[in-house]
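So the protein lines, in turn, are chains A and B. Using this note's numbering, read the first sequence as starting at 4 and increasing by one per residue. Using this note's numbering, read the second sequence as starting at 4 and increasing by one per residue. Virtual Cβ for every residue (Gly too), placed ideally from N, Cα, C.
2 protein chains.
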Amino acid sequence: MNSEDFAPVIIGKLLNIGGMLQRSGNQLLLPFNLNQQQFSILFSIEKAGKVQQKSMVNQLMLEKAHVSKIVKKLSEMGLIEIKADSEDKRSSWLSTTPEGSKIMKQCQKIITEWNKRWINGIDKNQLKSIADDLTLLQSVFKNGIEK
Amino acid sequence: MNSEDFAPVIIGKLLNIGGMLQRSGNQLLLPFNLNQQQFSILFSIEKAGKVQQKSMVNQLMLEKAHVSKIVKKLSEMGLIEIKADSEDKRSSWLSTTPEGSKIMKQCQKIITEWNKRWINGIDKNQLKSIADDLTLLQSVFKNGIEK
DNA sequence: ATAAATTAGTTTCCATGTCAACTATTTTTA
DNA sequence: TAAAAATAGTTGACATGGAAACTAATTTAT
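Right, dumping it as structure tokens:
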């Protein structure tokens, strides 16, 4: 078995796992009226302190229209605050409201519980090696595949 | 850093990579009027020779309603054939038409080219270890996380 | 053997994700 | 410095994905 044979297997599994995780995440976040993507945006905002949409578009590799709509929803839900950027009138700064932070903590608690269950039985060193592998793949796919 | 710290990192990366691959796949398959999910169903049918919806629902962990709609679309596109199951009138057997097989081959050619580009520079042994890691994760997530 | 439960697949409704076109602003360049 | 290009974000149209309710057939249990 040579390198080219592993590629489709890896892609297939990544797609399959990604889909399963997305659906599990949606289920897990249902009580908060958030889905996995919305959570990841809220998480990014919380983590950054304050952030502009463009940086999330670049980091998370999402459609800007998509991010825009999620930001709108999160704002309407009262989870984030939008402040005009004094230096660039096209842009604005996003940050979580106290309510948003509170929801985040609740979400993370549930997710942590869920994580504990699936890592159960997997060796710590293997987890580390998986994380490293995924870091590699992430950068490979993120930087785009050149012609 | 202990096991619990790796979990959210791994999940985050898997979700991110899964999303990127899905979007790349959709782009790649655009000329064929298929998206990544539709392709994966068509691929499953081609690979199996003949198959029923239920087995794809179980293997790919997709919503049965979703599979049903994709099957309808593929059939309307003339890529698959639907034959009644003589033993169970609720069910039917799916198989690719010659046209479907032709399209599949074209898709796979493009995907193979794309794969060659991203595996470029990654060691074969590392690819093998990534594939093994993903097999583990796939089974962990597929079998569901028990309470 | 019949009623109840399960299973395979479909349909409907609705939220979501994506694309393209758009506005407004900022940066580049000629 | 004025025109052209690029950038940040929004909007509208449209296909997709998912939950629930549904039909029809099959299996299980009484």
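Scanning the segment 96-136 of chain B from its first residue to its last, the whole alpha helix (DSSP H) runs of 4-plus residues come out as 101-122. Boundaries for B/K53: no beta strand (DSSP E) harbours it, and the DSSP string shows neither H nor E there.
For A/L37, no chain B residue has a Cβ inside 9 Å of its Cβ, as the nearest lies near 14 Å away. Counting the other Cβ atoms within 10 Å of the Cβ of B/E79 gives fewer than 16, which makes it exposed. Contact between B/F144 and A/K131 is ruled out by a C-beta separation of about 19 Å, above the 8 Å threshold. Listed by position along chain A, the residues whose Cβ is nearer than 9 Å to that of B/E7 are T115, N118, K119 and I122. Less than 7 Å divides the Cβ of A/I44 from the Cβ of A/I73. Counting only the Cα atoms, A/T100 lies some 17 Å from A/Q56.
Below 8 Å, too few C-beta pairs join the segment 92-106 of chain A and the segment 63-71 of chain B to call them touching: fewer than three. Judged by pairs of C-beta atoms under 8 Å, the segment 4-23 of chain A does not touch the segment 89-98 of chain A, as fewer than three such pairs exist.
Within a 10 Å sphere around the beta-carbon of B/Q30 sit fewer than 16 other beta-carbons, which makes this residue exposed.
Among the residues of chain B, those whose CB is under 9 Å from the CB of A/P11 are Q111, I114, T115 and N118, following chain order. Residues of chain A with a Cβ closer than 7 Å to the Cβ of B/K131 are, in chain order, F9.
Counting along the chain, the unbroken beta strand (DSSP E) around A/E84 starts and ends at I83 to A87.
Residues S27 and L31 of the same chain have their beta carbon placed closer than 8 Å to that of B/W117, with the five preceding and five following residues left out of the count. Residue contact with chain A for B/M59: absent (no Cβ-Cβ distance below 7 Å to any residue of chain A).
With its beta carbon at least 7 Å from every one in chain B, A/M80 lies outside the interface. The Cβ atoms of B/V54 and B/L97 sit closer than 7 Å to each other. In this structure, A/I133 sits away from B/S6, with a CB-CB distance that is not shorter than 7 Å. In terms of beta-carbon proximity, B/Q141 lines the interface with chain A, with at least one pair separated by less than 7 Å.
Setting aside the 5 residues that flank it on each side, A/E84 is surrounded in the same chain by S98 and T100, each with a C-beta closer than 6 Å to its C-beta; the list follows chain order. In its own chain, leaving out the 5 sequence neighbours on each side, no residue places its CB closer than 6 Å to the CB of A/K127. Here A/G21 is actually not in contact with B/Q141; their C-beta atoms are around 11 Å apart, not less than 8 Å.
Residue contact with chain A for B/D136: present (Cβ-Cβ distance below 7 Å to some residue of chain A). Each residue's CA atom was taken as its position, placing B/K50 and B/Q41 some 14 Å apart. Remark: C-beta atoms of B/M59 and B/S47 approach each other more closely than 7 Å. In the DSSP annotation of this structure, the continuous segment of the alpha helix (DSSP H) that includes B/F9 starts and ends at S6 to L32.
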